[in-house]
Amino acid sequence: MSELTHLNTAEEVHMVEVGDRPNSRRQATAEGYIEIGVELLEQVLSGNTKMGEVLAA
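For the sequence shown, this note's numbering assigns the number 697 to the initial residue and increments by one for each residue that follows.
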């Protein structure tokens, strides 16, 4: 797996320092659709997947 800056050594999500940057106004809109089976949905909601806490990311 590639080195991801937003994951610590325990593969937990954390904030990333972006340094001193001037304030700016930003807006984003996102939409998506995911279809999964009941068993996987239960694992995701319980945080018990091979990838860890999927919804934390």
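Glycine included, every Cβ here is placed at the ideal spot set by N, Cα and C.
Between the options, which has its C-alpha nearest residue i's C-alpha?
i              : options                   : result
isoleucine 732 : Asn704, Leu741 and Ala726 : Leu741
In whole angstroms, what separates the C-alpha of residue i from that of residue j?
i              : j             : result
glutamate 707  : alanine 726   : 25 Å
methionine 711 : threonine 745 : 22 Å
serine 720     : valine 714    : 13 Å
Go through its chain and collect everything with a Cβ distance to residue i's Cβ below 7 Å, but skip five positions before and after it.
i             : result
threonine 705 : none
Tell me which same chain residues have a C-beta within less than 6 Å of the C-beta of residue i, skipping the five on either side of it?
i          : result
valine 750 : Val740
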